[in-house]
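Encoded as structure tokens, the structure appears first; notes follow it.
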Amino acid sequence: MSFRKFFQPEANRHKVLAAGHVVPEAARCVQCGICSYNCPVGIDVRRHVWLGQPVKDSHCLTCGECVARCPRGVLRFEQTDLFVRVPE
Amino acid sequence: MRRYAIIGAGVAGIAAAEAIRTLDRAAEISLVGDEPQGFYSRPGLAYFLTGELPVKQLILYSQQDWRGLNVRYVKGWATRLLPQAHQVELGKAGALAYDRLLLATGASAVRLDVPGVELEGVVKLDHFEDAQRILRLARRTRTAVVVGGGITALELAEGLAAQKVKVNYFLRGDRYWSNVLDEVESRIVEHRLEEKGVQIHDHMEIAQILGRRGRVSGVQTTKGEKLRCGMVAVAVGIRPRLELAQAAGLATERGILVNEYLQSSEVDIFAAGDVAQVYDPLAGRSILDNLWNPAREQGGAAGLNMAGQARAYRKAIPFNVTRLAGLKVTIIGAVGGGRDDDLVAIARGDSETFRKLPQAIAMEMGAEVNHLRLMVGEGTLVGALVMGDQTLSRPLQELIVAQADITALRTHLLMPGASLGDLVMDFWKAWRTNAA
Numbered sequence: 001m002s003f004r005k006f007f008q009p010e011a012n013r014h015k016v017l018a019a020g021h022v023v024p025e026a027a028r029c030v031q032c033g034i035c036s037y038n039c040p041v042g043i044d045v046r047r048h049v050w051l052g053q054p055v056k057d058s059h060c061l062t063c064g065e066c067v068a069r070c071p072r073g074v075l076r077f078e079q080t081d082l083f084v085r086v087p088e
Numbered sequence: 089m090r091r092y093a094i095i096g097a098g099v100a101g102i103a104a105a106e107a108i109r110t111l112d113r114a115a116e117i118s119l120v121g122d123e124p125q126g127f128y129s130r131p132g133l134a135y136f137l138t139g140e141l142p143v144k145q146l147i148l149y150s151q152q153d154w155r156g157l158n159v160r161y162v163k164g165w166a167t168r169l170l171p172q173a174h175q176v177e178l179g180k181a182g183a184l185a186y187d188r189l190l191l192a193t194g195a196s197a198v199r200l201d202v203p204g205v206e207l208e209g210v211v212k213l214d215h216f217e218d219a220q221r222i223l224r225l226a227r228r229t230r231t232a233v234v235v236g237g238g239i240t241a242l243e244l245a246e247g248l249a250a251q252k253v254k255v256n257y258f259l260r261g262d263r264y265w266s267n268v269l270d271e272v273e274s275r276i277v278e279h280r281l282e283e284k285g286v287q288i289h290d291h292m293e294i295a296q297i298l299g300r301r302g303r304v305s306g307v308q309t310t311k312g313e314k315l316r317c318g319m320v321a322v323a324v325g326i327r328p329r330l331e332l333a334q335a336a337g338l339a340t341e342r343g344i345l346v347n348e349y350l351q352s353s354e355v356d357i358f359a360a361g362d363v364a365q366v367y368d369p370l371a372g373r374s375i376l377d378n379l380w381n382p383a384r385e386q387g388g389a390a391g392l393n394m395a396g397q398a399r400a401y402r403k404a405i406p407f408n409v410t411r412l413a414g415l416k417v418t419i420i421g422a423v424g425g426g427r428d429d430d431l432v433a434i435a436r437g438d439s440e441t442f443r444k445l446p447q448a449i450a451m452e453m454g455a456e457v458n459h460l461r462l463m464v465g466e467g468t469l470v471g472a473l474v475m476g477d478q479t480l481s482r483p484l485q486e487l488i489v490a491q492a493d494i495t496a497l498r499t500h501l502l503m504p505g506a507s508l509g510d511l512v513m514d515f516w517k518a519w520r521t522n523a524a
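From first to last, the protein sequence lines stand for chains A and B. If you count by the working numbering, then the first sequence holds residues 1 to 88, one letter each, in order. If you count by the working numbering, then the second sequence holds residues 89 to 524, one letter each, in order.
Next comes the structure, spelled out in structure tokens:
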């Protein structure tokens, strides 16, 4: 494995970190809680979905664990403009 | 101060209580539930069976949530309903007087009608305790037989296979969930189940469950064969829990008949969720839905109506997302027709609208894991089934719900060898831009 490739996933992660947050599509959700169970920092993602709210918790790592584990495709990343560089 | 009583602490009952509370801070709300765990995710039981979740994770309301909702939770069940007196009898727990009542009693699994169903080891997946019992039994069971169609039967088969139980899955008909899936989709699911070690037997029915010392020891099929097993898991459909309503003289058919305001034949009694057969003005008839989200929406609308804010329940285009043999599957609108020999009643996770055969042309594309079926009507898409990759699911949902005019797309879709996915995606992007 090349040096560059070895670091690729980490680089991608940081890209997501800076550019998005987790958004639910509540109609797909049955509140099973796999998202909350797998959140490494203990955010109750399920509760956000019940309330129809995006995960804007400052502790969210945007690691994608909840997005990937959800058996029903409820969660997705949505880009935020917060960190997008404005052209000078 | 108005007194509200809600019978049933499932998602419809909780949604109603939440809705009432938004309008009436002072109201006295009593919630009667017969499940000791309170409010939990019934569909999540499937992931408890596969070992993806610990059981306590399924419980949805914390002590703090209960305090916030400020309801009186009565553990027990209603034994008699007295509409004239505005009272519900609760057996040993006494009686409850109400001004407005919601029946959100849900539905129960239908029992298999064969000798031997009373033996220990014959299981269903209705409640929390059922799932716990299945896992306990799975620890000392090497072989199981699963019977039934629909989502729950598959959850049982997958759950038991994940617990290292050898599963024999009996299908009465020739393929899996034939009233919703088409043949290719059924075969995809069956093939993936077989990869997980589930052995599928089509045209196979149980004639008798055999037992030894009160426990399941095997089954005898209608063909006369005997198969040894320690567990028989049954999911042949569910039936609304109507007893209370029927005994009280409310209008019922297969469910409690309610109008668009979720109001039954008694003005102060409402019904929502699996037990409610809701009038749909578009279809011109009353429909049963056995899905989590319609139950939540119906409960919410019923709560607002009960608290005095008129809110007609508009049945959305039926939409269900599930996981079949590890594949994400989204079903939107009307996709199938006919009947399913494996079900004697509507299945959990089903809507009668899924099974309405639309006036449409079915188009398919895709391979083993990513499969797409579109039901193309005259000027609109009337239904879709997306299996595997879910990228197209949201665009299709939007186009179907909005009844978008697809005249321009239709001819392209109907061309031989058309790339349906790309065509839909491009069309949706343009449609969205125009709509914005």
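Built from N, CA and C at the ideal position, the CB exists for glycine as well.
Name the chain A residues whose beta carbon is nearer than 9 Å to that of V202 of chain B? Those within 9 Å of V202 of chain B in chain A number zero; the least Cβ separation is about 31 Å.
The ligand SAH heavy atom lying under 7 Å from the CB of L141 of chain B: Inclusion of the ligand SAH in the displayed structure is not the case, the ligand content being empty and no account of it being possible.
Cβ neighbours of K416 of chain B in the same chain (closer than 6 Å, five flanking residues each side left out): Q478
Please go through the region 225-259 of chain B and give each complete beta strand (DSSP E) segment of 3 or more residues, from N-terminal end onward. 231-236, 254-258
My output table needs one value for I375 of chain B: the three-state DSSP class, helix, strand or coil. strand
Neighbourhood of R72 of chain A by C-beta distance below 6 Å, restricted to the same chain and skipping five residues each side: R28
I need the straight-line Cα distance from P54 of chain A to S305 of chain B, nearest angstrom please. 51 Å
Pairwise C-alpha distance: M292 of chain B and V45 of chain A: 43 Å
Flag Q152 of chain B as yes if its beta-carbon sits less than 8 Å from any beta-carbon of chain A, otherwise no. no
Return the residue from the list B:C317, B:N381, B:V324, B:Q351 that minimises the CA-CA distance to L207 of chain B. For L207 of chain B, the nearest C-alpha among the options comes from B:C317.
Within 10 angstroms of its Cβ, does A105 of chain B collect 16 or more other Cβ (buried), or is it exposed? buried
For K56 of chain A, which of helix, strand or coil comes out of DSSP? In this structure, K56 of chain A counts as coil in the three-state DSSP scheme.
On the DSSP bridge assignment, give the partners of N347 of chain B in chain order. N347 of chain B is not bridged to any residue.
Among residues of its own chain, excluding the 5 on either side of L225 of chain B, which ones have a beta-carbon nearer than 8 Å to its beta-carbon? G209, V211, G318, M319
Where H279 of chain B sits in the DSSP three-state scheme: Of the three classes helix, strand and coil, the one that applies to H279 of chain B here is helix, per DSSP.
Cutoff 8 Å: Q31 of chain A Cβ touching any chain B Cβ: yes
Backbone secondary structure at R155 of chain B - three-state DSSP: helix
Rounded to the nearest angstrom, what separates A400 of chain B and A339 of chain B at their Cα positions? Rounded to the nearest angstrom, the two C-alpha atoms are 19 Å apart.
Could you spell out the range, first to last residue, of the beta strand (DSSP E) harbouring G306 of chain B? Counting along the chain, the beta strand (DSSP E) containing G306 of chain B begins and ends at 303-309.
Are the beta-carbon atoms belonging to R171 of chain B and A395 of chain B less than 8 Å from one another? According to the sequence shown, residue 171 of chain B is Pro rather than Arg. By the CB criterion at 8 Å, P171 of chain B and A395 of chain B fall outside the cutoff.
Is the CB-CB distance between G108 of chain B and I102 of chain B below 8 Å? Note on residue identity: the sequence assigns Ile, not Gly, to residue 108 of chain B. Cβ distance not < 8 Å, so I108 of chain B and I102 of chain B don't count as in contact.
Applying the 10 Å Cβ sphere with the 16-neighbour rule, what's the burial state of S507 of chain B? exposed
Can you give the Cα-Cα distance for Y257 of chain B and V234 of chain B, rounded to whole angstroms? 5 Å
How would you call D201 of chain B, buried or exposed, if buried means at least 16 neighbouring beta carbons within 10 angstroms? exposed
Do the CB positions of L148 of chain B and F136 of chain B come within less than 8 Å of each other? No, Cβ-Cβ distance for L148 of chain B and F136 of chain B is not below 8 Å.
DSSP-derived helix/strand/coil call for N267 of chain B: In this structure, DSSP gives N267 of chain B a state outside helix and strand, which the three-state scheme calls coil.
Would DSSP call A185 of chain B helix, strand or coil? strand
Below-8 Å beta-carbon distance, N256 of chain B vs any chain A residue: no
Could you have a look at H459 of chain B and say whether DSSP puts it in helix, strand or coil? strand
If we ignore side chains and look at the alpha-carbon of each, how far apart do G132 of chain B and G33 of chain A end up? Straight-line Cα distance between these residues: approximately 8 Å.
How many Å lie between E10 of chain A and G20 of chain A at the Cα? Because the pLDDT of E10 of chain A is 47, which lies under 50, any placement of that residue in the model is unreliable, and the number read from its coordinates should be weighed accordingly. Those two C-alpha atoms are separated by around 16 Å.
According to DSSP, is P328 of chain B part of a helix, a strand, or is it coil? Of the three classes helix, strand and coil, the one that applies to P328 of chain B here is strand, per DSSP.
Determine, for A68 of chain A, whether the minimum Cβ-Cβ distance to residues of chain B falls below 8 Å. Residue-level contact by beta carbon fails for A68 of chain A and chain B, as no gap is shorter than 8 Å.
Tell whether a beta-carbon distance below 8 Å holds between V381 of chain B and F358 of chain B. In the sequence on display, residue 381 of chain B carries Asn and not Val. No, these two residues do not count as a Cβ contact at 8 Å.
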